[in-house]
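Everything on this sheet refers to the single structure shown next.
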Amino acid sequence: MCAEEFTAEDRRKCGIWLHRVLVWVGAQYPDALHLSCGRVNLRNFIFDLLAKKRLSSKDLNDIESLKHNLQEMRLWKEKELETLELTTSEGEIICHKIAGLIRAIDTLRDLARMKGKKGIHREFEENRIKDGKRWIKYLEEVKK
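For the sequence shown, the numbering used here begins at 25 and goes up steadily by one.
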């Protein structure tokens with residue numbers, strides 16, 4: 025049984041999908057990764073950071089280093105997707121791995137941004153309330 029080839033059209037569609045705004049929604053964080061900085065259990069690292077009330081300067085440095093490594097990995101995977109001969113299933117797997125990397129990068133970026141005096145949980149809660157108010161306002165406008 026021969027697996028279907030990941031065609032140029034498949035690559036184009038995957039590229040479009042990866043560069044849309046919310047590609048990471050529903051994507052899973054990668055588990056353990058082997059990066060230039062060593063082996064990282066990314067999922068646990070992110071959840072540990074989310075559990076903290078405030079981030080230390082070491083946490084922020086780790087986030088920046090990890091973001092850089094993940095960005096490099098993402099670019100490498102995108103290059104793999106463009107150049108390697110792949111089956112359809114292999115191409116789809118790489119595509120979903122890239123989406124998981126994008127989600128992790130965005131989460132780390134948000135965590136680093138929210139390092140301020142308020143603390144992480146309060147900032148998340150305030151953003152959730154603001155989003156809810158925007159949705160209510162939007163729905164009221166749509167009803168009219």
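The beta carbon of each residue, even a glycine, is placed where N, CA and C say it ideally should be.
In the displayed model, Gly50 falls within coil according to three-state DSSP, outside both helix and strand. The way I'd put it, the segment 110-125 does touch the segment 30-37; three or more beta-carbon pairs between them come closer than 8 Å. Selection Leu94, Arg67 and Ile126 evaluated against Asp55 yields Arg67 as nearest (Cα-Cα).
The beta carbon of Gln95 sits closer than 7 Å to those of Ile129, all from its chain and outside the five residues before and after it, given in chain order.
DSSP, read as helix, strand or coil, puts Glu88 in helix.
Its chain contains Leu57, Leu59 and Leu125 as the residues whose beta carbon lies nearer than 8 Å to that of Met97, once the 5 sequence neighbours on both sides are disregarded; these appear in chain order. For Leu135 against Leu79, the beta-carbon gap comes to about 7 Å, under 8 Å, which counts as contact.
In the three-state reduction of the DSSP assignment, Thr111 falls in the strand class.
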